[in-house]
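What follows is a single structure, written as structure tokens, with notes after it.
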Amino acid sequence: MSTPGTPAVSRRAEFFAGIRAQVPLLLGVAPFGMAYGAYAVKTGLSAGLAQSMSAIVFGGASQFVGVRLIGNDVPGAVIVLTTLLVNGRHMLYSASLAPYTDHLAMRWRWLLAYLLTDEAYATAITRYRRGDASPHAHWFFLGTGFALWATWQITTAVGVFGGGAVPDSWSLDFALPLTFLAILVPVLKGRPAVAAAAVAGVIAVVGFRWPYGTGLLTAMLLGMAAGIAADLALHRPATDGEAEAR
Amino acid sequence: MRLWMIIIAMGVVTYGIRLSVLVFVHHSALPRPARDALRFVTPAVLAAIILPAVLYTRGAGHFDLTPGNERLLAALAAASVAWATKSVWATIAAGMTALWVLQWLVG
Chain E
2 MSTPGTPAVS RRAEFFAGIR AQVPLLLGVA PFGMAYGAYA VKTGLSAGLA
52 QSMSAIVFGG ASQFVGVRLI GNDVPGAVIV LTTLLVNGRH MLYSASLAPY
102 TDHLAMRWRW LLAYLLTDEA YATAITRYRR GDASPHAHWF FLGTGFALWA
152 TWQITTAVGV FGGGAVPDSW SLDFALPLTF LAILVPVLKG RPAVAAAAVA
202 GVIAVVGFRW PYGTGLLTAM LLGMAAGIAA DLALHRPATD GEAEAR
Chain R
38 MRLWMIIIAM GVVTYGIRLS VLVFVHHSAL PRPARDALRF VTPAVLAAII
88 LPAVLYTRGA GHFDLTPGNE RLLAALAAAS VAWATKSVWA TIAAGMTALW
138 VLQWLVG
């Protein structure tokens with residue numbers, strides 16, 4: 002959208018651009034939020050607990066797992082450790098975004114960390130990678146995180162209070178992987194990035210049934226390792242010329 | 038009361054993970070190889086979310102790498118549109134339309 006040399010856009014414009022970037026993901030997140038709310042009350046959580054979990058934890062997959070374990074009377078310590086596993090990948094998002102936020106005041110970083118999810122990471126890192134050095138890019142992060150947060154709270158409430166669900170036959174959940182696909186394709190520049198995606202994708206498929214998100218976490222770590230390995234292999238001095246020739 | 042404690046602890050753990058490098062540990066303190074690897078977080082996580090969502094059927098969760106998998110065909114159509122247009126909305130429109138048409142043809 003904006004090209005290098007374009008004057009920095011305003012805070013307000015960044016904020017709304019962040020919201021707009023999140024809208025396609027919200028199509029897929031909305032049915033997920035409703036399903037969570039309905040599942041939580043069906044499992045026996047009070048409306049207050051179910052809704053509070055969306056505000057306090059704010060992480061879809063970990064909330065589903067948490068509710069299931071609560072329903073099975075699993076000890077609290079196990080549930081908390083499981084949450085650590087399911088959400089562990091967010092540490093990679095935190096590290097990946099940190100270089101772009103380290104000039105911000107602490108209160109901003111605390112706020113943005115609260116909003117850091119898969120969906121907010123995908124759109125925020127795409128914004129930062131544009132590399133136009135806008136002083137207000139964190140307003141994009143705030144806007145995109147806020148859009149997801151508000152949608153998650155509202156759709157949780159709809160599910161909790163029995164406001165119905167989106168029919169499965171609409172397959173709206175598919176909008177989520179489709180949006181990630183649209184974000185992924187331009188990222189696949191160069192063989193190391195392709196290697197990272199290929200290895201992570203294959204391991205995620207293999208580890209699909211591994212418990213508590215360990216398949217996804219392993220896939221990410223091995224994918225990143227593959228990216229580094231490919232990078233090293235390509236940039237070894239002996240093969241340097243061939244490496245860039247593609 | 039016990040459930041409130043569990044949910045708050047889940048929240049503290051999750052928030053702590055998200056705060057980790059944004060607030061608690063400066064990224065420059067990470068070992069060099071770790072920082073290099075962070076360039077690949079985006080392609081790794083996106084592929085790791087997309088592929089299982091496309092290759093496992095909904096509900097039953099069967100692995101299906103055949104042309105009978107409507108989501109696989111729809112995702113391939115969407116990927117080519119993403120490649121050609123670089124547009125998120127065009128990608129979604131192509132993928133959802135392909136999926137609906139295929140489901141309608143089969144159904």
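Just so you know, the protein sequences line up as chains E and R, in that order. Take the first sequence: its position 151, counting from 1, is numbered 152 in this note's numbering, and each next residue is one higher. Take the second sequence: its position 92, counting from 1, is numbered 129 in this note's numbering, and each next residue is one higher. The beta carbon of each residue, even a glycine, is placed where N, CA and C say it ideally should be.
CB-CB length for residue i against residue j, believed under 8 Å
i	j	result
E:Phe142	E:Leu113	5 Å
R:Thr128	E:Leu182	6 Å
E:Ala198	E:Leu189	6 Å
E:Leu179	R:Ala81	Actually they do not touch by this definition, with Cβ atoms about 19 Å apart.
R:Ala90	E:Met221	Rounded, the Cβ-Cβ distance is 15 Å, inconsistent with contact.
E:Gly38	E:Gly160	2 Å
Assigned secondary structure, residue i (DSSP; H/G/I helix, E/B strand, else coil)
i	result
E:Phe147	helix
E:Phe33	helix
E:Phe249	Chain E is shown from 2 up to 247; residue 249 of chain E falls before or after that span and cannot be answered.
R:Phe100	strand
E:Glu120	helix
C-beta neighbour in chain E for residue i, strict 7 Å
i	result
R:Gly132	yes
R:Met38	no
R:His99	no
R:Arg55	yes
R:Ala74	yes
R:Phe61	no
R:Leu110	no
R:Leu142	no
R:Ile43	yes
R:Pro104	no
R:Ala66	no
R:Trp114	What sits at residue 114 of chain R in the sequence shown is Ala, not Trp. No, R:Ala114 lies away from the interface with chain E (no Cβ there is under 7 Å from its Cβ).
R:Thr94	no
R:Leu136	yes
R:Ala90	yes
R:Leu139	no
R:Ala81	yes
Residue i at chain R interface by Cβ criterion, 7 Å
i	result
E:Arg110	yes
E:Thr145	no
E:Met35	no
E:Asn73	no
E:Met2	For E:Met2, the pLDDT reaches just 47, beneath the cut-off of 50, and the residue's location in the model is therefore unreliable, leaving the point undetermined.
E:Ile20	no
E:Phe209	yes
E:Ser172	yes
E:Gly67	yes
key: Any 3 or more C-beta pairs closer than 8 Å across the stretch 117-132 of chain E and the stretch 18-34 of chain E   = yes
message = What ranges does the alpha helix (DSSP H) occupy inside the stretch 152-213 of chain E, keeping only unbroken runs of at least 4 residues that lie completely in it?
response = 176-188 and 192-207, all fully within the stretch 152-213 of chain E.
Ordered list of alpha helix (DSSP H) runs contained in the stretch 24-74 of chain E, each at least 4 residues = 48-57 and 61-72
query = Does the count of Cβ pairs from the stretch 40-52 of chain R and the stretch 61-69 of chain E closer than 8 Å reach three?
reply = yes
ask   = Given 8 Å as the limit, is there contact between the stretch 205-217 of chain E and the stretch 85-101 of chain E, that is, 3 or more CB pairs closer than that?
value = yes
query = Are three or more beta carbon pairs between the stretch 93-109 of chain E and the stretch 51-66 of chain R nearer than 8 Å?
reply = yes
ask   = Touch check for the stretch 221-232 of chain E and the stretch 76-90 of chain R: three-plus C-beta pairs under 8 Å?
value = yes
task = State whether the stretch 32-47 of chain E contacts the stretch 144-156 of chain E, with contact taken as three or more CB pairs (one from each stretch) at a distance under 8 Å.
result = Output reads yes: the stretch 144-156 of chain E touches the stretch 32-47 of chain E.
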